[in-house]
Amino acid sequence: MCTSLAFGGQANAASLDSVKSGADASVSVTAAKSSAGAKVIKAGEKYMGTPYKYASSRSDKSTMDCSEFTMWAFREGAGIDLGRGGARSQYKKVKHISRSQLKVGDLIFFSTRATMKYNKNSINRIGHVGIYAGNNKILHTYGQGGVRYSTLTGWWDQHFVAAGRVLN
């Protein structure tokens with residue numbers, strides 16, 4: 002699983018509802034087209050099978066953790082810099098949307114075994130991020146097997162925390 006400590010390991014009691022969307026300030030989106038999500042997915046697919054490594058180097062693509070994977074997919078597929086932070090940091094940079102509003106290229110945030118202890122409305126509950134690929138699929142990386150597609154059912158459905166839009 003991809004549990005990131007985006008805040009230097011310090012507890013952050015911010016509510017998911019109170020975290021402001023920094024999409025306008027932190028993520029520069031210019032004239033994103035409807036195919037932008039597909040371009041992000043295509044950029045991410047070139048890393049299929051790349052091994053997962055928690056807290057991997059952001060400059061070496063031979064291994065990736067979840068937020069590094071999304072960082073590279075958006076940078077290479079849409080020219081958008083999500084920053085070098087973890088899943089929680091990325092959550093702060095998106096326009097928050099409901100699950101029913103998901104489109105290809107949106108980010109999906111999940112809890113992990115390590116973050117389940119936090120209140121369901123706390124940003125600390127977020128420990129993993131992936132990219133929505135449409136048809137109830139997510140493109141992400143974790144554990145054995147690295148970058149892969151998973152179905153947004155079972156474990157992933159039960160651990161869904163939030164969704165966010167980077168692309169217009």
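Residues in the sequence shown are numbered from 2 upward in steps of one, following our numbering. We put the beta carbon where it would ideally sit given N, CA and C, even for glycine.
If you measure between the beta carbons of lysine 94 and leucine 83, is that distance less than 8 Å?
yes
Of the listed residues Phe111, Leu140, Phe70, nearest to isoleucine 127 (C-alpha basis):
Phe111
Going by the beta-carbon positions, is the gap between aspartate 66 and alanine 74 smaller than 8 Å?
no
If you measure between the beta carbons of tyrosine 92 and isoleucine 124, is that distance less than 8 Å?
yes
Note down the Cα distance separating methionine 1 from tryptophan 156, rounded to an integer number of angstroms.
This structure cannot settle anything about residue 1, because the visible part of the chain is limited to 2 through 169.
Alpha helix (DSSP H) containing lysine 43: first to last residue?
37 to 46
Under 8 Å, do isoleucine 81 and arginine 166 count as touching if we go by C-beta distance?
no
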